[in-house]
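Enquirer:
Residue numbers (our numbering): -8 to 175.
What follows is the structure in structure tokens.
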């Protein structure tokens, strides 16, 4: 059986909390589902990786120029949502760009663990999920997205990106299919 990792993308307080700077109600809906997936995947020995979007405080971040500030180091908004119980064997990898691979050690961690399947869950489907899936594909991993475990602020955009991911980059599966293929 191919080795699998579950990569949880940007489930940080600025995205998941109603007080967050870039909060979307859709994220509040997927949060408990993702948490249960993390718990069940961990029990099956699947590697858990949390990606934590964060920008430097008081430093110019070029890609922040066209959006409202969010996930600033030290603000609290960059912290993982409190629903998650991070275990010692889990990885928490900070990132400064949409892709979880760009400028991080995610690829090294996955290769050290001989991972070939990368299950991606979290937010935002049209930005960080898509970029991470694209780079996973380009690095010869099999990206898998659980449909009920990703969201963005526009459902039409969410569906369009899921369709394109499924068509060109990897597999989009249902929550039931995840449990059938990886847990049960």
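Here a beta-carbon is modelled for each residue, glycine too, at the ideal position from N, C-alpha and C.
Exposed or buried, which one is residue 149 when buried takes at least 16 other CB atoms within 10 Å?
Expert: Result: buried.
Enquirer: According to DSSP, simplified to helix, strand and coil, what is residue 73?
Expert: Coil, per DSSP.
Enquirer: Do residue 79 and residue 39 have their beta-carbon atoms positioned less than 7 Å apart in this structure?
Expert: No. Outside cutoff.
Enquirer: Secondary structure at residue 105, three-state DSSP: helix, strand or coil?
Expert: Reduced to three states, the DSSP call for residue 105 is coil.
Enquirer: Taking only three categories from DSSP, how would you classify residue 28?
Expert: Residue 28: helix per DSSP, three-state reduction.
Enquirer: Any idea what DSSP makes of residue 13, helix, strand or coil?
Expert: Looking at residue 13 - three-state DSSP - the assignment turns out to be coil, as it is neither helix nor strand.
Enquirer: What is the DSSP secondary structure of residue 130, counted as helix, strand or coil?
Expert: If DSSP states are grouped into helix, strand and coil, residue 130 belongs with coil.
Enquirer: Kindly indicate which three-state DSSP category residue 37 falls into: helix, strand or coil?
Expert: DSSP places residue 37 in coil when its eight states are reduced to three.
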